[in-house]
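Below is one structure; the comments refer to it alone.
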Amino acid sequence: MSDDRVVPFVKPGARDRALEAMKALCPHGHPDFYEALVDMGIVHSEKNYDYAGDGDPLGNFKRVAKIVEAIVGPENGPAKVAVIYVAKQFDAVVDMLAHGRTAKVESLDDKLQDLSIYPQLIRLLLKESTQHDTGE
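Following our numbering, the numbering of the sequence shown begins with 199 at its first residue and continues without gaps.
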């Protein structure tokens, strides 16, 4: 992903500035790793707009959790949903690699990017759940 790609909601030059800031903050890593992190942030923001708009950034997990609770129980419901989403994406990646398929909607790279984002979302959901349980 580069700044010449049209990215809704990202001001021209913002990606490059974020990348430079990331490299300044973390100077001892592979440059492509930081590019991936900035791109993950952009994907997270774009998908969040689609799934939550101006609402709760984790709202889609919470909404689906209400559906799933009847099957798996309410404890950490949104985190369980995120794990289910990971399984769905992982299955799609394995299937694409095993059968040499090219997706029509989300590319293999898109799915791998999603797989890299979900663990952080799961951490946030579990943290939020713990804070809610302890009243913090």
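For every residue, glycine included, the Cβ atom is placed at its ideal position computed from N, Cα and C.
Sub-7 Å separation of Ile315 and His242 beta-carbons: With contacts defined by Cβ atoms closer than 7 Å, Ile315 and His242 form a contacting pair.
Leu256 classed as buried or exposed, judged by whether at least 16 other C-beta atoms fall within 10 angstroms: Burial call: buried.
Ala280 and Leu323 closer than 7 Å at C-beta: Their beta carbons are under 7 Å apart, which means Ala280 touches Leu323 by this criterion.
Contact under 7 Å by Cβ, Gly251 with Ala263: Here Gly251 is not near Ala263, since their CB atoms are 7 Å or more apart.
Inter-residue spacing [alpha-carbon to alpha-carbon] between Ala301 and Gly333: Taking the straight line joining both Cα atoms gives about 44 Å.
Ile269, buried or exposed, once every other Cβ within 10 Å from all chains shown has been counted against 16: Within a 10 Å sphere around the beta-carbon of Ile269 sit fewer than 16 other beta-carbons, which makes this residue exposed.
Nearest residue (CA-CA) to Lys286, options Gly298, Leu310, Ile265: Comparing Cα positions, the closest option is Leu310.
Three-state secondary structure (DSSP) of His297: If DSSP states are grouped into helix, strand and coil, His297 belongs with the helices.
Backbone CA spacing between Val291 and Ile282 [nearest angstrom]: Just so you know, the alpha carbons of Val291 and Ile282 end up roughly 14 Å apart.
Coarse secondary structure for Glu267, derived from DSSP in three states: If DSSP states are grouped into helix, strand and coil, Glu267 belongs with the helices.
Classification of Phe259 by the beta-carbon crowding that lies within 10 angstroms, buried from 16 upward: With 16 or more Cβ atoms within 10 Å of its Cβ, Phe259 is classed as buried.
Short Cβ contact (7 Å threshold) for Leu306 with Met294: Cβ distance < 7 Å, so Leu306 and Met294 count as in contact.
Local conformation of Val208 per DSSP, three classes: Coil.
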